[in-house]
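When you read off a place in the sequence shown, starting at 1, and then add 231, the result is the number in the working numbering.
Here is the structure we will look at, set down as structure tokens.
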Amino acid sequence: MDTELALAWVREIAAAVERQEAQLTELDSAIGDSDHGSNLRRGFNAVMTALDSPEPTAVGAVLAKTGATLISKVGGASGPLYGSAFRAMGKALPEEKATTAALATALAEGLLAIQQLGGAAPGDKTIVDAWAPALAAFEQAVSQGLSAAAEAAAEAADQGARDTVPLQARKGRASYLGPRSIGHQDPGATSTALIFRALAQSARTA
Ligand code: ADP
Ligand code: MG
Numbered sequence: 232m233d234t235e236l237a238l239a240w241v242r243e244i245a246a247a248v249e250r251q252e253a254q255l256t257e258l259d260s261a262i263g264d265s266d267h268g269s270n271l272r273r274g275f276n277a278v279m280t281a282l283d284s285p286e287p288t289a290v291g292a293v294l295a296k297t298g299a300t301l302i303s304k305v306g307g308a309s310g311p312l313y314g315s316a317f318r319a320m321g322k323a324l325p326e327e328k329a330t331t332a333a334l335a336t337a338l339a340e341g342l343l344a345i346q347q348l349g350g351a352a353p354g355d356k357t358i359v360d361a362w363a364p365a366l367a368a369f370e371q372a373v374s375q376g377l378s379a380a381a382e383a384a385a386e387a388a389d390q391g392a393r394d395t396v397p398l399q400a401r402k403g404r405a406s407y408l409g410p411r412s413i414g415h416q417d418p419g420a421t422s423t424a425l426i427f428r429a430l431a432q433s434a435r436t437a
């Protein structure tokens, strides 16, 4: 991954959030407070502005600036969680170019940051349920190169998001619903799948 690809990834996330805002909000209306789509749209719109002025010149700087902007602009739980993840990934990737193995390490640092801040484990019906399987799939496919690893991660994240449907939420706002959170796909796991899909898409066209 080079700086151009890091920028393309974040821009693709912003575009996908824009396209899927209504769907994310719909999911959050079932087990939350109907703001996940608008939270992410506001956050990634601010990220787009921040990345234009001035444009970062290293992979790590792109991701760190993305993280810092999400933390400062998004009020909901997802802002600090995704913000910390991107900031941790940025910290893990200081160089201009990052190998696929280095990106795997960065994605692991991202998950660690999410879990340190939010305290969620796999099965709690959160972002972790898509990020953890995506990371495992990415790590397993590292030797096949970035495009294949990102594609495998995107598939695993999609599956992880779908697998949240029968789970009962144990973290975040949805946990207040207790057993009534069962039967709905988690909004945050769904947006994590979008983030990995965007990586696969930008890696394919790079
Ligand atoms: P809020 O819940 O504050 O309205 P959002 O609607 O933007 O924030 O985000 C909700 C999503 O955040 C949930 O669907 C869940 O995936 C994720 N989430 C909430 N709490 C946690 C946590 N402690 N760890 C990981 N993810 C979490
Ligand atoms: Mg919400």
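Beta carbons: idealized from backbone N, C-alpha and C, even for Gly.
Apart from the five residues on each side of it in sequence, which residues of its chain come closer than 6 Å, Cβ to Cβ, to residue i?
i: residue 434; result: 377, 378 and 381
i: residue 405; result: 262, 263 and 412
i: residue 296; result: 281 and 287
i: residue 401; result: 355
i: residue 427; result: 365, 384, 385 and 388
Near residue i, what residues of its chain come up, given a Cβ to Cβ distance below 7 Å and the 5 sequence neighbours on each side ignored?
i: residue 301; result: 274, 278, 310, 313, 314 and 317
i: residue 416; result: 258, 392, 393, 395 and 396
Would you say residue i touches the ligand ADP, meaning its beta carbon is less than 6 Å from a heavy atom?
i: residue 187; result: Nothing about residue 187 can be read from this structure; the chain reaches only from 232 to 437.
i: residue 403; result: yes
i: residue 276; result: no
i: residue 351; result: yes
i: residue 394; result: no
Could you give the DSSP three-state label for residue i: helix, strand or coil?
i: residue 396; result: coil
i: residue 234; result: helix
i: residue 428; result: helix
i: residue 403; result: coil
i: residue 414; result: coil
i: residue 330; result: coil
Does the Cβ of residue i lie closer than 6 Å to at least one heavy atom of the ligand MG?
i: residue 310; result: no
i: residue 389; result: no
i: residue 263; result: yes
Based on Cα-Cα distance, which residue from the options lies nearest to residue i?
i: residue 410; options: 250, 267 and 355; result: 355
i: residue 330; options: 374, 393, 246 and 249; result: 374
i: residue 334; options: 284, 367 and 420; result: 367
Below 8 Å CB to CB, which residues in the same chain sit around residue i once its five sequence neighbours on both sides are set aside?
i: residue 259; result: 265, 266, 267, 268 and 418
i: residue 350; result: 402
*Segments assigned alpha helix (DSSP H), at least 4 residues, entirely inside the region 245-328*: 267-283, 290-304 and 309-323
_In chain order, what are the residue ranges of uninterrupted alpha helix (DSSP H) at least 4 long that sit wholly in the region 351-379?_
List check, alpha helix (DSSP H) in window: 359-371.
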